[in-house]
Every structure is written in C-alpha cells, then in structure tokens.
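Student: Residue numbers (my numbering), protein chains in the order written: chain B, 3 to 358; chain L, 5 to 309. Beta carbons are placed, not taken as given, at the ideal position from N, Cα and C, and that holds for glycine. In this text the structure is predicted, and so the values were computed from the model without any measurement.
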C-alpha cells in the first residue's frame with residue numbers, strides 16, 4: 003500500500019503543469035460521466051466549454067463571473083500561504099453584500115458620486131468584520147479558524163434571510179424574500195453596452211496588481227508566510243503569529259466583502275437569498291488551482307467561471323442539472339491534489355519493497 | 005402548559021445523525037487522520053439512502069445500509085488521496101465536501117418533491133410504560149436505539165480492547181507503530197472507511213427518517229457540527245454523546261421557541277445551532293491543556309514510511 007516516497011527535489015515546472023494535468027483528468031472523467039448519462043461527450047463539451055464563448059455576451063458573462071472569484075481568491079491566498087485556512091469567504095461575501103446593500107437602501111433615490119464608493123467601503127468593512135471575528139476567536143481563545151469561519155457562513159446566510167424577509171423586504175415585492183431593486187447611483191456603471199460587464203472588473207484588476215506587488219515585492223508578505231508556517235521561528239525573529247492571523251483573515255474578508263458588493267450593485271442588483279452561487283467556496287479551488295499566485299489565479303478564475311457558464315448552458319440545452327458545475331469543481335480539486343502528490347513524492351521503484 | 009415530552013424526544017432524534025457522524029469522525033481522528041469531508045460524506049449518504057429507499061421501496065432500513073455503503077465509498081476517495089498519496093488532509097476533506105455537495109444535488113435532482121413513508125417509533129416493552137421518561141426515551145424509531153448501541157460499541161472498543169489501543173497508538177505515533185510492525189496505513193484506511201460509513205448512516209437517517217423527503221443540501225452543516233463536536237468531546241465518546249444531544253436540543257428549540265416564550269424571528273433561531281457551535285468551540289479551546297489531553301499527537305499529519 004505504500005506507493006510513494008518523498009522526492010529530494012520537487013520540480014518547479016511540474017508545480018505549474020499539475021493544474022493542467024488535473025484539468026485533463028477532469029475532462030476525461032467528465033466524458034465518462036456524459037457517456038453514462040447517454041449524452042455525446044463531444045457535443046456535451048461543445049455545449050459546456052465552447053458555446054458559452056461564441057458570443058460577445060458570453061465573454062461578458064465570463065468576465066463578470068470570473069471577477070468575484072479572482073478577487074476572493076487573491077485574499078484567500080494570503081491566508082493559505084500563511085497556513086490560515088479561511089473557508090468562510092462565502093459568509094464574508096454575504097456580510098459585505100449586507101453592509102453595501104444597507105447603504106444602497108439608505109441612499110436609494112439620492113444621486114451622488116460618493117454613494118458607490120461608500121457601498122464598496124461598507125462592503126469591505128462588513129467582510130473584514132466577519133473575518134475579524136474568527137481572528138479574534140483564534141488569537142484570544144485558540145479556536146480553530148477552519149470550523150469557526152465555516153460556521154459563520156451559515157450564520158451570515160441566516161442573517162441575510164432575516165433581513166430580506168424582515169426589515170429590508172421590498173414592500174412591493176409580491177412577498178418574495180428580496181430587497182428593493184437598486185438603481186441609479188447605487189448600481190455599478192456598465193462598461194460594455196449590451197452586456198452586464200460593470201466597473202467591478204476594474205476593482206479586480208487593481209486588486210490583482212496590488213496583490214502581485216505585495217507578494218512579489220514586500221517584506222510583510224514574507225513575514226506572513228513565515229509567521230504561519232513556523233510560528234516558533236517567526237517569534238524568534240520578532241514576527242508575530244497573531245498578527246499573521248489578524249492580517250490574513252481581515253484582508254481575505256475584505257476582498258470577499260467587496261466581491262459581495264460587486265454582485266448586489268452589479269448583476270444581481272438587489273439583496274436576495276441567492277446573491278452567490280457558491281463563489282466563496284469555488285474561490286478556494288481558484289486559489290489552489292492558481293498555485294496561490296496572483297496571476298495564476300486569474301487563469302484559474304476564468305476556468306472556474308467557465309464551469310459556471312457551462313453548467314448554465316448544459317442546464318438549458320441538455321436538460322442537465324445545474325449541480326453538474328459543483329460536481330466538476332469537486333473533481334477538479336480532487337485531481338489537483340492527487341496530481342500534486344506526485345510532485346512532492348515519487349512512485350516507489352519496486353512496489354512493495356521496503357527500504358532497509 | 006409547556007409539554008416537555010416532544011421537546012426531549014425530539015432532542016434525541018435531532019442528536020442522532022450527529023452521533024453517527026461524530027462517532028465515525030472521532031474514530032478516524034483517533035488514528036491521526038482528520039477528514040473534513042464529513043458534510044460531503046453525509047450528503048452522499050443522504051442521497052444514496054433516499055434513492056435506495058425510493059427506488060426499491062424497501063424502506064428506511066435499506067436506505068441506511070445504502071447510505072453507509074455510499075459514505076464508505078466517499079471516504080475511500082478521501083483515503084486514496086490523503087493516505088496513499090499523502091496529500092494535505094484538510095484540503096482533501098474540503099474537496100470531498102465540495103464534491104459531495106455537487107454529486108448529491110446532481111443525483112437528488114430526480115427526487116426533488118418525492119417523499120418517503122418514514123419510520124414508526126418502536127415502543128420498548130415495559131420501559132415505554134414508565135410515565136414521562138418512557139415517552140421520551142423508549143418511544144423512538146429504531147435508529148435512535150441503534151445510535152446508542154453504536155456509541156456503546158465505539159466506547160467499549162476504544163476503552164477496553166486491543167484494537168482500541170492499536171487505533172490510539174497509530175494516532176499518537178505512526179512511526180513507532182510502524183517500527184514495531186503494525187500496518188499503520190491499513191489501520192488508518194479502516195478507521196477512515198468506518199468514519200465514512202457512520203457519516204453515511206447519519207446522512208441517510210436525515211433523508212429517510214428525520215425529514216423523509218429530498219431537499220438539496222439537506223445536511224445543512226451538520227457534518228461540520230459533527231467535526232466541531234469531536235473537538236468539544238476532546239476525543240472522548242461519552243462527551244460526544246452529551247454534545248450531540250446538546251445540539252439536538254438547540255435545534256429543537258427553534259421549533260418550540262414560541263411555546264417556550266422566545267420571541268425571535270425564525271431565521272435567527274435557525275442560526276442558533278451554528279452560533280452555539282462557535283461558542284462551544286471557544287469555550288473548549290480556551291484551555292489548551294484540556295484540549296490537548298486526548299488530542300492524537302499525529303492528527304492531520306501524513307505518514308509515508
């Protein structure tokens with residue numbers, strides 16, 4: 003059963019080939035799945051991966067789906083590099099949307115260039131607060147962030163449900179659990195006529211640049227990495243493990259919060275229970291698939307966005323359930339982890355032979 | 005007047021899926037493996053159990069078996085990656101959850117708006133005639149009794165048997181266990197598959213007995229709560245039981261809130277079990293000594309001999 007042994011020098015090239023291998027394996031498994039469902043795999047892949055990109059509208063959709071994923075992944079990667087497993091981006095996104103949405107509802111009908119920036123700042127604060135809570139619980143009470151961030155996703159979801167069913171329900175909304183539709187100064191301006199691409203793309207673009215600068219050029223980024231991976235060593239060097247926890251959770255919460263505002267002030271245009279199709283979780287895969295590298299995550303963000311689009315297309319034209327997107331996402335992460343294992347380790351030369 | 009019988013009886017039923025999933029994860033973690041895929045395994049178990057019960061008409065019993073088998077299959081995926089390939093356990097568990105959410109929704113698509121007959125409670129002869137307690141404890145469906153038997157077995161194996169000793173030894177020091185000739189990987193595989201089967205039963209209980217109809221994502225975080233319960237229990241089965249019923253009680257609270265005079269909106273009541281999990285985690289984690297008393301020393305670390 004002992005298949006592997008550690009490699010002395012893991013290959014850097016393979017580190018980047020591994021995601022491609024994972025994608026290939028996902029496609030192969032996907033074909034088998036389509037065959038099992040009595041669908042022509044080639045036809046299915048055309049529907050899934052090609053058709054969504056044959057129109058300019060499709061490219062626009064790709065952009066507005068990739069944008070929040072990339073934004074959230076950039077923040078998460080800071081934490082992952084420091085071994086802080088924040089899996090609460092979904093809740094942080096919702097909190098950001100609630101803060102930004104609250105501002106939009108308050109200033110509805112008013113005009114002013116300052117409303118949108120205020121919403122974005124509000125969303126950043128909301129997300130950061132939701133990230134700061136597990137940071138507090140970890141640094142003060144030693145509570146694992148994996149579980150607390152995850153639980154806070156559910157809490158945030160129920161707060162959202164309460165707000166759209168209660169105080170912020172649209173009185174003219176036919177009793178649906180949703181807020182008023184945002185308009186005017188509370189909506190992000192559309193960039194390309196006839197699409198839904200909006201100005202939030204610039205926020206993502208700016209964030210990618212900032213995070214690239216931060217991770218490749220700054221000493222703080224190095225401190226964070228050491229602080230998470232070897233708390234004892236970093237204490238010795240005068241870094242604080244607590245600061246690492248605070249910084250990475252707040253920054254990733256902030257990014258998710260801004261992504262939340264991007265949704266409610268963009269394609270969704272209101273607060274409702276479905277503001278995120280699981281972006282917070284998908285962004286985890288985006289981060290790993292992009293090797294926690296700011297540019298790598300742009301590529302993986304587009305791939306993951308394509309999976310969402312393909313899922314929608316397959317739902318409409320092939321009567322496949324939308325859940326197929328989640329299935330592909332999970333498979334992709336599985337294959338990535340599996341193929342990564344062969345970078346750190348290699349097959350034993352003789353199966354079953356035990357080293358002396 | 006407030007009737008305590010349905011509240012307490014409901015608490016037992018609400019705690020039952022947590023007991024199965026929690027006991028399974030407890031055994032897995034005792035061997036040094038942390039599987040964060042419990043939520044995914046429960047969902048896969050839930051959909052398999054529901055599909056089996058709906059397609060065969062053989063009822064919840066068959067559904068539970070199918071759930072166990074499916075949960076075990078899901079755990080096998082995790083084990084191949086995390087144990088044989090020594091991939092990061094936390095990431096593998098997360099992948100399993102994401103995969104499980106997708107797979108269960110995909111398969112469950114066919115069963116949306118189906119419902120199953122559910123299970124009638126069994127009255128334990130004589131005991132169920134005891135006033136009050138009889139109605140609470142001995143007028144339950146058979147799975148509730150089964151969960152208590154499962155607890156007894158897990159407790160006994162861990163505390164009293166050689167196998168239990170071996171499981172714990174592997175969790176403490178896989179190197180030492182390997183050096184004296186124990187098959188570390190096989191033991192970890194066994195414990196992980198057991199954890200999967202138990203999570204699968206927990207999930208199948210939810211879909212075939214507790215609320216016998218299919219709803220997407222119906223496990224609703226109970227898998228994560230089960231993982232948190234293992235921490236709360238400081239890896240001891242008896243405390244896990246206590247914790248599971250505590251959470252069962254909090255869950256029931258939202259249905260009985262009005263009777264209890266609690267006037268909160270339903271959505272905020274529904275958030276209570278998750279908030280309570282955080283509070284409990286904080287309380288138990290505060291004292292590192294208590295937390296580490298039974299913490300398996302190699303938890304989460306891969307072992308390649």
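1) Please confirm whether residue 157 of chain B has its beta-carbon closer than 8 Å to some beta-carbon of chain L.
2) Would you list the one or two residues that DSSP bridges to residue 8 of chain B?
3) Counting along the chain, where does the alpha helix (DSSP H) carrying residue 116 of chain B start and finish?
4) I need the straight-line Cα distance from residue 187 of chain B to residue 115 of chain B, nearest angstrom please.
5) Any beta carbon of chain B sitting closer than 8 Å to that of residue 72 of chain L?
6) Taking contact to mean 3 or more Cβ pairs, one atom from each stretch, closer than 8 Å, check whether the stretch 172 to 183 of chain B and the stretch 269 to 288 of chain B are in contact.
7) Can you check which of these residues, B:343, B:127, B:349, B:334, is closest to residue 26 of chain B by C-alpha distance?
8) Going straight from the alpha carbon of residue 254 of chain L to that of residue 38 of chain L, what length do you get?
9) Pick helix, strand or coil for residue 218 of chain L, following the three-state DSSP scheme.
10) Take residue 275 of chain L as the anchor and find which of B:160, B:262, B:217, B:298 has the nearest alpha-carbon.
11) Assess contact between the stretch 130 to 141 of chain L and the stretch 180 to 193 of chain L, defined as three or more Cβ pairs (one per stretch) separated by less than 8 Å. Is contact present?
12) If you check the beta carbons only, do residue 135 of chain B and residue 163 of chain B fall under 8 Å apart?
13) Along the stretch 258 to 281 of chain L, what residues have a CB closer than 7 Å to any CB found in chain B?
14) Taking Cβ positions only, does residue 347 of chain B come closer than 8 Å to chain L?
15) Relative to the alpha-carbon of residue 285 of chain B, which residue among B:128, B:76, B:295, B:100 has its alpha-carbon at the smallest distance?
16) On the three-state DSSP scale, how would you describe residue 226 of chain L?
17) Thinking residue 132 of chain L and residue 142 of chain L are a contact (beta carbons under 8 Å), I'd like their distance in whole angstroms, please.
18) Under the rule that 16 or more other beta-carbon atoms within 10 Å means buried, what is residue 19 of chain B, buried or exposed?
19) For the alpha helix (DSSP H) containing residue 202 of chain L, list its first residue and its last residue.
20) In terms of residues, what are the limits of the alpha helix (DSSP H) holding residue 155 of chain B?
21) Rounded to whole angstroms, what's the CA-CA distance from residue 305 of chain L to residue 112 of chain B? Just pull it up for me.
22) Quick check: what's the CA-CA separation for residue 173 of chain L versus residue 44 of chain B?
23) Could you tell me the alpha carbon to alpha carbon distance between residue 24 of chain L and residue 215 of chain L, rounded to whole angstroms?
24) Locate the alpha helix (DSSP H) running through residue 289 of chain L, then write down its first and last residues.
25) Who does residue 192 of chain B pair with in a DSSP beta bridge?
26) Quick check: the stretch 312 to 331 of chain B against the stretch 216 to 231 of chain B, are at least 3 beta-carbon pairs closer than 8 Å?
27) Only counting the same chain, and skipping five residues up and downstream in sequence, which positions put a Cβ closer than 6 Å to that of residue 123 of chain L?
28) Counting only C-beta atoms, is residue 2 of chain B closer than 8 Å to chain L at any point?
29) Run down chain B in chain order and give the residues with a C-beta less than 8 Å from the C-beta of residue 228 of chain L.
30) Assign residue 262 of chain L to one of three DSSP states: helix, strand, or coil.
31) Between which two residues does the alpha helix (DSSP H) harbouring residue 109 of chain B extend?
32) Whose CA, out of B:42, B:149, B:118, lies closest to the CA of residue 280 of chain L?
33) Strictly under 8 Å for the Cβ-Cβ distance: is residue 302 of chain L near chain B by that measure?
34) Quick one: which residues of the stretch 201 to 230 of chain L get their C-beta closer than 9 Å to a C-beta of chain B? List them in chain order.
35) Can you tell me whether DSSP reads residue 116 of chain L as helix, strand or coil?
36) Starting from residue 1 of chain B, find everything on chain L with Cβ-Cβ shorter than 8 Å and list it in chain order.
Tutor: On the basis of the coordinates in this document:
1) Sequence index remark: in the first chain, residue 157 of chain B carries index 155 (1-based). It does; some Cβ of chain L falls within 8 Å.
2) The residue given as residue 8 of chain B occupies position 6 in the first chain. Looking at the DSSP assignment, residue 8 of chain B forms a beta bridge with B:347.
3) Position 114 of the first chain, counted from the start, is the residue given in the question as residue 116 of chain B. Neither: residue 116 of chain B is in no alpha helix (DSSP H) and is coded neither H nor E.
4) For the purposes of this step, residue 187 of chain B is taken as the residue at position 185 of the first chain. For the purposes of this step, residue 115 of chain B is taken as the residue at position 113 of the first chain. If I take the Cα positions, the gap works out to 7 Å.
5) In the second chain, residue 72 of chain L corresponds to position 68, counting from 1. Not an interface residue.
6) Because the criterion of three Cβ pairs below 8 Å is met, the stretch 172 to 183 of chain B and the stretch 269 to 288 of chain B touch.
7) Along the first chain, read from residue 1 onward, the residue named residue 26 of chain B stands at position 24. The shortest C-alpha separation from residue 26 of chain B is found at B:334.
8) Working through the second chain from its first residue, we reach residue 254 of chain L at position 250. Working through the second chain from its first residue, we reach residue 38 of chain L at position 34. Taking the straight line from one Cα to the other gives about 26 Å.
9) Position 214 of the second chain, counted from the start, is the residue given in the question as residue 218 of chain L. Reduced to three states, the DSSP call for residue 218 of chain L is strand.
10) Within the second chain, residue 275 of chain L is the residue found at index 271, counting from 1. Minimum Cα distance to residue 275 of chain L is reached at B:160.
11) no
12) Position 133 of the first chain, counting from 1, holds the residue named residue 135 of chain B. Position 161 of the first chain, counting from 1, holds the residue named residue 163 of chain B. Cβ distance not < 8 Å, so residue 135 of chain B and residue 163 of chain B don't count as in contact.
13) For the stretch 258 to 281 of chain L, the residues whose beta carbon sits under 7 Å from a beta carbon of chain B are, in order, 269, 271, 272, 274, 275, 278, 279, 281.
14) As a first step, residue 347 of chain B is located in the first chain; it is residue number 345 there, counting from the start. With 8 Å as the cut-off, residue 347 of chain B counts as an interface residue toward chain L.
15) On the first chain, position 283 is the one that residue 285 of chain B refers to. Here the closest residue by C-alpha is B:76.
16) The count along the second chain starts at 1 and reaches residue 226 of chain L at position 222. Of the three classes helix, strand and coil, the one that applies to residue 226 of chain L here is helix, per DSSP.
17) Mapped onto the second chain, residue 132 of chain L falls at position 128. Mapped onto the second chain, residue 142 of chain L falls at position 138. That belief holds up - the Cβ atoms of residue 132 of chain L and residue 142 of chain L are roughly 4 Å apart, short of 8 Å.
18) As a first step, residue 19 of chain B is located in the first chain; it is residue number 17 there, counting from the start. When all chains shown are included, residue 19 of chain B counts as exposed.
19) By 1-based counting over the second chain, the position of residue 202 of chain L is 198. 188 to 209 is the span of the alpha helix (DSSP H), which, as asked, contains residue 202 of chain L.
20) Working through the first chain from its first residue, we reach residue 155 of chain B at position 153. Start and end: 147 to 167.
21) Stepping through the second chain from its first residue, residue 305 of chain L is reached at position 301. Stepping through the first chain from its first residue, residue 112 of chain B is reached at position 110. Taking C-alpha positions only, residue 305 of chain L is separated from residue 112 of chain B by approximately 56 Å.
22) The count along the second chain starts at 1 and reaches residue 173 of chain L at position 169. The count along the first chain starts at 1 and reaches residue 44 of chain B at position 42. So the alpha carbons of these two residues sit roughly 51 Å apart.
23) Here residue 24 of chain L is taken as the residue at index 20 of the second chain, counted from 1. Here residue 215 of chain L is taken as the residue at index 211 of the second chain, counted from 1. Those two C-alpha atoms are separated by around 17 Å.
24) Here residue 289 of chain L corresponds to residue number 285 of the second chain, with the count starting at 1. 276 to 289 is the extent of the alpha helix (DSSP H) around residue 289 of chain L.
25) The residue given as residue 192 of chain B occupies position 190 in the first chain. BP columns for residue 192 of chain B point to B:200.
26) no
27) Here residue 123 of chain L refers to the residue found at position 119 when the second chain is read from its first residue. So the list reads 64, 145, 213, once near-sequence residues are dropped.
28) Since the first residue shown for chain B is 3 and the last is 358, residue 2 of chain B is missing from the structure and cannot be characterised.
29) For the purposes of this step, residue 228 of chain L is taken as residue 224 along the second chain, with counting starting at 1. Going along chain B in sequence order, the residues near residue 228 of chain L (Cβ under 8 Å) are 149, 152, 153.
30) By one-based count along the second chain, residue 262 of chain L stands at place 258. In the structure shown, residue 262 of chain L sits in coil (DSSP, three-state: anything other than H, G, I, E or B).
31) In the first chain, the residue the question calls residue 109 of chain B occupies position 107. Segment: none, residue 109 of chain B is in no alpha helix (DSSP H) and carries neither H nor E.
32) Here residue 280 of chain L refers to the residue found at position 276 when the second chain is read from its first residue. The option with the nearest alpha carbon to residue 280 of chain L is B:149.
33) Counting from one through the second chain, the residue named residue 302 of chain L turns up at place 298. It does not: the Cβ of residue 302 of chain L has no partner Cβ on chain B nearer than 8 Å.
34) Legend: CB atoms of the stretch 201 to 230 of chain L lying less than 9 Å from CB atoms of chain B belong to residues 220, 224, 225, 228, 229.
35) As a first step, residue 116 of chain L is located in the second chain; it is residue number 112 there, counting from the start. In the structure shown, residue 116 of chain L falls within a strand segment according to DSSP collapsed to helix, strand and coil.
36) Past the boundaries of the shown model lies residue 1 of chain B; chain B is included only from 3 to 358, so the question cannot be answered.
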